[in-house]
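Student: Under full-length UniProt numbering, the residues of the sequence shown are numbered 1 to 1150, in order.
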Amino acid sequence: MIGMSGLLDENYIQLVDAIAKDAAESANELLNHLPNLQKKNLNSLEFQNQKNDSSFSGHSSGSVQSCSLGSLSSGVCPGVDDLQTIISQLHPSLAFPIRLCGAQLLASFSVGDLLADEFWSLSKAAMQAALLDSDTQIALIALQIYARAFKLAPPYMVPEVYISYTKQLHQSFQNGPELKLNMGLDIRDPRVELRVKQFMAHLPSFWFRFPENVFNNVMNSTVQLLKTASNHNQITALHFLAIVDPQCMWYEKWMMSDLGRKQITISMDRGNLISFLVNHFIQYSSILNSKNTNTGLEVSGNDLLVEDVDQNEDGDTTNLVTPADIEYLHFLHVTMMISRLLMCSYGRNCFPVKIDATKSPNSTLQDTLEESESISVAGFLHILVRHISSKGRLTADTLPEDPHLTFFRMPRVVSRIIRDLAGADFPCRVELLQEKYLNEILFPIQQALRKDYTLSDETTLLAIAETLSYIASADLGRKFILRGESDFQQTLYKLIPNDSKKSNDTLDTIVKLVQLGCGSKNKFSKQLLGGYIFFLRQFYRTCEGLLWLSKYNLHSTLAKARKESDGQDTDWDNLLIDNLLNFGATPKGVVLLNESGSMDTCVSYMFNRYQNNLQVSKCEKFGYGTLVSQISTTRPGFKALWEANWIHAVLNDIWAVLECDKPFDTPSLDIDDHSTGKTIANLMKLLTTFPALSKCLELEENSDKGRGTVTDFFMSTILIDLGEETQLISFDESRQAGLRILKHVVSSLDSLILLQVKFAYQESLYQQINDSYLKIVLCNHIMIASLTMGGPNERMLPPAKITRPDELDGFIYSGSTIPENVYIYKPASKTTLVGIAEIDECTTIDDLQCAFNNFLEKSSTLPFEIGQRIIKTVLKITSTPNASTLELGWTKIKARHSTAKKNTEVLDNYQRLGTLMVARYANILLDSKSQSKLKEDLSKVLLYAESLQPDVNSKQFSGFDWFTATIYLIFGGNTDDVNEALKILSEKLPSIYLWPQFSISCMTFITLDNQIASVIPTICHWVEAIIEVELPKVSSAYTLSGCTPTQMVQQWVRELFWNFLDFSEIQNFVLTCMLYGVDYQVYFCVALIRHCKELLLAAARDEAFIHTIHDPKLSLGFKTVDYLPFMHQLKERHRDMVLKDLISIASQLK
């Protein structure tokens, strides 16, 4: 290293002088050689009008002129005298060879030197002079220099280069030779290249580095260029820009950031560019509406894009853009710019815009404007929407299949604009969602239904279908179409109007088109029908939408059309299957899908798309997770998934993780790894409900899939029965995976009973706990959870994970007794005779409701004596029908008791195990009887309850009778009172919903092998529908997590919240439904989900949703008294439809 003293050394100074002298001599030699080089180049150059963006590609263009351009690392160092000489050589009065020589010399200089502060003023003057040259070759050289300068300029010089270029373009349009519209435009004109398009596209990346004054100068120079003053027949810079950038991409990039939106809008407003654009929009719209004729480019399809047009020197008219096409593309550009303005608040604030008196709209547009002297946002949107039925297009657009040309058809352009507006900020969407616009969109469809339609009409109808689909794909747009302009923003909304005969014009029109198209008198193309079926699909995928569409039996229409096609048209068949499949997104939709006979085909189709990683649709943002979860909650749905090999594929994914047949360098198994957890969660979602698990094990009894069965998985990972071919990568981690799934599955009591009877898993777990080398925390947790029952305030389960060894103290299962620390139940205080007397004095339902409220306000935990007395009184009051009881659903149903001779002494293994579990629990809650006596009495009650139900010819376990067990506990084990209450209830409608085992044998659409219990299409559907309206964030959390509320609600209802609520709250649930109406079963579930809202949202955020929804601690802190007012509010808003639907379904008895 040379020190400071070395810098003053005489030898060092001599070295520097020698280097400088040598550099000067080399420069002089190069300058002397340059004129000869230029002369040689002048004779050999052949300029071509390059239309690709070579300046920004970083690759050599291959042209001679590109090779002559300088760079930062090459070229001649200019001097002030050199630049002044070039400026003089570029004077327009000099001969062409002199001007060309000056341009070539300018191009040979390094861009870095041209942009240097000491040369920039002269360099700018020289570049501008070359750009204004009347000769095409010289102008193109200037364009290339500008492009290189823009690309290589340091950030602080970028605006200088851009402003210089735009100002010179502005001057050329102002002072240069006029280009008349009626003469057309030769695309070989150098200005057609309009390098400003590329500059505009790249400029936003530098914006945040610009000082405010520089930013304003950039915007102002752009506005000045685009608003070049001209008469109506003169071609302007905006015409050129519309040709080279017909999709207006530059403006879209400028409006992406808030900074860009604000600054460009301010500059456009100050420069009157917005007024200029709006007035031109009105003027051309009037012409388009009055003529209603086609306009277009008179070139072939391959020549549409200017960048791809071959440039011939023979004067061929294929190089000419016709006047009509220039004006049409200019109009599209203007329309897109105004539309982008409306997507931000800055742009909307510039409206209304005053209309120029010379460009006032004709009579066809007057009705769209609120005022004749100005145009508002609403006025612009009205005109824009009306253009969706316009015939505007390019002249050469005669082939409908040519995407290059159909892209510019007016209906498609308007459709894309409306789609963007529908996805903009909330005020913009609200502005767009108005009934007058919707009526304009529907008008062409209504016309097509009344008369024959042409090919151009189909273009319009396809664009309308796409427009409506994008609007309906968003929650706000879907609510607007369903509810109307006045109600779609209401948060407290009745799902269906009180007048059930009220129709929806939009749905009526579209369904009529679809039904006509699927019938024998079809006049529409398959593509068109597919577009409108897809629109309807946005509705029947949701609970609210399906409620509106259910009267049309659309599933039957699609199934019939598919049957009639008979697989002759594969694309049409797949389209129908795909849309039928989406009925499975809601509980009632699953029933409709099953009724259509397409369940197996649709699920198989879904599995094939899932395997090929294909998108669900262009509008749906999530995968098939929710569909799979919803379908799997039913027996026929799970059977379809099984037969489509979906279950087999999920199990194979798990085995691929657990088994060790992997490369040597594969990392060891981590059970908490994200991908492993996701694989395990996929199986949990499929087995989360009892109908799914029971159907799975039933199918596996006669299955030969071996490794692809849930039975084999349980045997290998939980019961430690490893086959000869099973080689687990980590035995402990694999068992953890199996136990996690088991913990989730046995949270359902019916699933617990089923697995215990079939596999005796509790004995296996106990054996593993006793083996010291297999003692694990999760195993102990599952064992105690399986042997005990109770709500979150009645028992305390041992932790499933521990951080300290002492956390398990007092919670280890020994095999003989349950640890004392588990049960924390505190019995309610004994009631007084005064409390019972208050109930006995009640003679109406209203009196009972008041008494019930009074008891809850005093104590949320009611003694069993109060519950018993309320139930007896309700049954007594409802025995005599009156208006009050009928309004609550206490209608009489025809009793269908069993006629078969039954063994009154024996319960099957499943019922005996359930009885034992209930007896253990009852022994904690009731101190009047021993466990053996409780078990004996409950067995008799269950046998009596079974005799009250219609005959069920099935040997399959359909679930334990938890309602009967609940009534047995409320009545303190008094078998006579229980039997009497059950007999009366079996003749009343509420038993269909409160008593799941009774409803399973009574509903008309149930077959024992194809069982869909009544709670699925009714209770679960209404819970999901109300959650969509009342708790939209929770509804979104389910969708994001690939789950569905039915997975929770079905288990709650069929097991009466056992293990999820304390028994005092279960008693409150039964009393609430009896006193206030059977529809309160729906409101109670919604209230419980609302209570769990924060935990559910957190679980969705942490990707632990499926692990959370069946966690008994989820309901911790829930009190009926706290949420009863909320349930009453739900009743006021939704009872008209909910209770009506429940009564209608319940009337379908055998």
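Glycine included, every Cβ here is placed at the ideal spot set by N, Cα and C.
In whole angstroms, what separates the C-alpha of Leu-166 from that of Met-219?
Tutor: Indexing the sequence shown from 1 puts residue 166 at position 166. Indexing the sequence shown from 1 puts residue 219 at position 219. This sequence places Thr at residue 166; Leu is not what is there. C-alpha separation (whole angstroms): 10 Å.
Student: Report the residue ranges of all alpha helix (DSSP H) runs contained in full by the UniProt domain "BROMI middle region" (572-712); include only those spanning at least 4 residues, in chain order.
Tutor: As far as the UniProt domain "BROMI middle region" (572-712) is concerned, its whole alpha helix (DSSP H) runs of at least 4 residues are 587-595, 599-611, 625-632, 635-643, 646-658, 674-686, 690-700.
Student: Quick check on this structure: which residue in Cys-77, Asp-133, Val-111, Gly-112 has the alpha carbon closest to the alpha carbon of His-91?
Tutor: Within the sequence shown, the letter at position 91 stands for residue 91. The shortest C-alpha separation from His-91 is found at Asp-133.
Student: Beta-carbon within less than 8 Å of Ile-824's beta-carbon, same chain only, minus the 5 sequence neighbours each way: which residues are those?
Tutor: For the purposes of this step, residue 824 is taken as residue 824 along the sequence shown, with counting starting at 1. Contacts found: Asn-793, Glu-794, Arg-795, Met-796.
Student: Quick one: residues in its chain with C-beta nearer than 8 Å to the C-beta of Ser-565, no 5 flanking neighbours on either side, listed in chain order?
Tutor: As a first step, residue 565 must be located in the sequence shown, where it is residue number 565. The residues are Trp-572, Asp-573, Leu-576.
Student: Rounded to whole angstroms, what is the Cα-Cα separation between Gly-677 and Ile-671?
Tutor: Taking the sequence shown and counting its residues from 1, the one referred to as residue 677 is at position 677. Taking the sequence shown and counting its residues from 1, the one referred to as residue 671 is at position 671. Cα-Cα distance, rounded: 7 Å.
Student: I think His-330 touches Ala-242, with their Cβ atoms under 8 Å apart; what is that distance to the nearest whole Å?
Tutor: The residue given as residue 330 occupies position 330 in the sequence shown. The residue given as residue 242 occupies position 242 in the sequence shown. Their Cβ separation, rounded to whole angstroms, is 5 Å, which keeps His-330 and Ala-242 in contact under 8 Å.
Student: So which of Ala-851, Gly-972, Ser-1041, Ser-1064 has the shortest CA-CA distance to Gly-790?
Tutor: Taking the first residue of the sequence shown as 1, we reach residue 790 at position 790. Ranking the options by Cα distance to Gly-790, first place goes to Ser-1064.
Student: Closest to residue 1163 by CA distance: which of Ser-286, Glu-1024, Arg-707 is it?
Tutor: Outside the shown range of the chain, which is 1 to 1150, sits residue 1163, and nothing can be said about it.
Student: Assign Arg-148 to one of three DSSP states: helix, strand, or coil.
Tutor: Residue 148 sits at position 148 when you count from the first residue of the sequence shown. Arg-148 falls in the helix class under three-state DSSP.
Student: Between Arg-920, Tyr-251, Pro-990, which lies nearest to Leu-886 when the distance is taken from Cα to Cα?
Tutor: Taking the sequence shown and counting its residues from 1, the one referred to as residue 886 is at position 886. Answer by Cα proximity: Pro-990.
Student: Within 10 Å of its beta-carbon, does Ser-1001 have 16 or more other beta-carbons around it, so buried, or fewer, so exposed?
Tutor: Here residue 1001 is taken as the residue at index 1001 of the sequence shown, counted from 1. By the neighbour-count rule (16 or more Cβ atoms within 10 Å), Ser-1001 is buried.
Student: Within its chain, find whatever has a CB closer than 8 Å to the CB of Leu-1095; leave out the 5 residues flanking it on each side and keep chain order.
Tutor: Translated into positions along the sequence shown, residue 1095 becomes position 1095. Thr-1108, Leu-1114, listed in sequence order.
Student: Going by DSSP, what residue range makes up the alpha helix (DSSP H) through Pro-996?
Tutor: One-based indexing of the sequence shown puts residue 996 at position 996. Start and end: 996-1000.
Student: For residue 1153 and Ala-424, what's the separation of their Cα atoms in angstroms?
Tutor: In the structure as shown, the chain starts at 1 and stops at 1150, and residue 1153 therefore has no counterpart that could be examined.
Student: Drop a sphere of 10 angstroms on the beta-carbon of Ala-357, count the other beta-carbons inside from all chains shown, and report buried for 16 or more, exposed for fewer.
Tutor: Counting from 1 along the sequence shown, the entry for residue 357 is found at position 357. That one is exposed.
Student: State the DSSP-derived secondary structure class of Asp-1122, mapped to helix, strand or coil.
Tutor: The residue given as residue 1122 occupies position 1122 in the sequence shown. If DSSP states are grouped into helix, strand and coil, Asp-1122 belongs with the helices.
Student: Report yes if the C-beta distance between Leu-1142 and Val-1078 is below 8 Å; otherwise report no.
Tutor: Taking the first residue of the sequence shown as 1, we reach residue 1142 at position 1142. Taking the first residue of the sequence shown as 1, we reach residue 1078 at position 1078. Yes, the Cβ-Cβ distance between Leu-1142 and Val-1078 is below 8 Å.
Student: Let me confirm a value: Val-1138 is counted as buried when at least 16 other C-beta atoms fall within 10 Å, else exposed. Which label applies?
Tutor: On the sequence shown, position 1138 is the one that residue 1138 refers to. Burial call: buried.
Student: Is it the case that the Cβ atoms of Thr-222 and Leu-341 are separated by a distance below 8 Å?
Tutor: Sequence index remark: in the sequence shown, residue 222 carries index 222 (1-based). Sequence index remark: in the sequence shown, residue 341 carries index 341 (1-based). It is not a contact, given that the beta carbons lie outside the stated cut-off.
Student: Under a Cβ-count criterion, where at least 16 other Cβ atoms within 10 Å of its own Cβ denotes burial, should Glu-431 be classed as buried or exposed?
Tutor: By 1-based counting over the sequence shown, the position of residue 431 is 431. Glu-431 is buried by the Cβ-count criterion.
Student: Should Glu-763 be labelled buried (16 or more other beta-carbon atoms within 10 Å of its own) or exposed?
Tutor: The residue you call residue 763 lines up with position 763 of the sequence shown. Exposed, because fewer than 16 other Cβ atoms sit within 10 Å of the Cβ of Glu-763.
Student: Output the distance between the C-alpha atoms of Glu-1103 and Ser-629, rounded to the nearest integer angstrom.
Tutor: By 1-based counting over the sequence shown, the position of residue 1103 is 1103. By 1-based counting over the sequence shown, the position of residue 629 is 629. One C-alpha to the other measures close to 16 Å.
Student: Taking the C-alpha atoms as reference points, what is the distance between Tyr-346 and Leu-1130?
Tutor: Residue mapping note: residue 346 aligns to position 346 of the sequence shown, counting from 1. Residue mapping note: residue 1130 aligns to position 1130 of the sequence shown, counting from 1. Those two C-alpha atoms are separated by around 40 Å.
Student: For Ser-734, name the three-state secondary structure that DSSP assigns.
Tutor: As a working note, residue 734 is residue 734 in the sequence shown. Residue state, collapsed to three classes: helix.
Student: Check whether the Cβ atoms of Gly-959 and Gln-911 sit closer than 8 Å, and answer yes or no.
Tutor: Start at 1 with the first residue of the sequence shown, and residue 959 comes out as number 959. Start at 1 with the first residue of the sequence shown, and residue 911 comes out as number 911. Their beta carbons are not under 8 Å apart, which means Gly-959 does not touch Gln-911 by this criterion.
Student: Nearest-angstrom Cα distance between Asn-439 and Leu-482?
Tutor: Your numbering for residue 439 matches position 439 in the sequence shown. Your numbering for residue 482 matches position 482 in the sequence shown. Distance between the alpha carbons of Asn-439 and Leu-482: 14 Å.
Student: Could you please give me the residues that DSSP links to Arg-795 through a beta bridge?
Tutor: Working through the sequence shown from its first residue, we reach residue 795 at position 795. Looking at the DSSP assignment, Arg-795 forms a beta bridge with Tyr-823.
Student: Give the C-beta separation of Thr-711 and Glu-700 to the nearest angstrom, bearing in mind that I take them to be a contact with Cβ-Cβ under 8 Å.
Tutor: For the purposes of this step, residue 711 is taken as residue 711 along the sequence shown, with counting starting at 1. For the purposes of this step, residue 700 is taken as residue 700 along the sequence shown, with counting starting at 1. Indeed they touch by this definition, with Cβ atoms about 5 Å apart.
Student: Do three or more CB pairs link the segment 679-693 to the segment 632-647 at distances below 8 Å?
Tutor: Flag = yes, the segment 679-693 and the segment 632-647 touch.
Student: Along the alpha helix (DSSP H) that carries Gln-128, what are the first and last residues, could you check?
Tutor: The count along the sequence shown starts at 1 and reaches residue 128 at position 128. Taken as a continuous stretch (DSSP letters only), the alpha helix (DSSP H) holding Gln-128 covers 120-131.
Student: Can you list, in chain order, the residues of its chain whose CB lies under 7 Å from that of Ala-561, leaving out five sequence neighbours each side?
Tutor: Numbered from 1 along the sequence shown, position 561 holds the residue referred to as residue 561. Answer for Ala-561: Cys-518, Leu-576, listed in chain order.
Student: Is the CB-CB distance between Val-278 and Ile-375 below 8 Å?
Tutor: Taking the first residue of the sequence shown as position 1, residue 278 is located at position 278. Taking the first residue of the sequence shown as position 1, residue 375 is located at position 375. Against a cut-off of 8 Å, the Cβ pair of Ile-375 and Val-278 comes out as a contact.
Student: Nearest by alpha-carbon distance to Asp-1111: which of Val-745, Trp-995, Lys-892 is it?
Tutor: Translated into the one-based positions of the sequence shown, residue 1111 becomes position 1111. Answer by Cα proximity: Val-745.
Student: Do Gln-1050 and Cys-1092 have their CB atoms nearer than 8 Å?
Tutor: The sequence position of residue 1050 within the sequence shown is 1050, counting from 1. The sequence position of residue 1092 within the sequence shown is 1092, counting from 1. Contact: no.
Student: Have a look at Thr-586 and Thr-966 and give me their C-alpha separation to the nearest angstrom.
Tutor: Position 586 of the sequence shown, counting from 1, holds the residue named residue 586. Position 966 of the sequence shown, counting from 1, holds the residue named residue 966. The alpha-carbon atoms of Thr-586 and Thr-966 are separated by roughly 30 Å.
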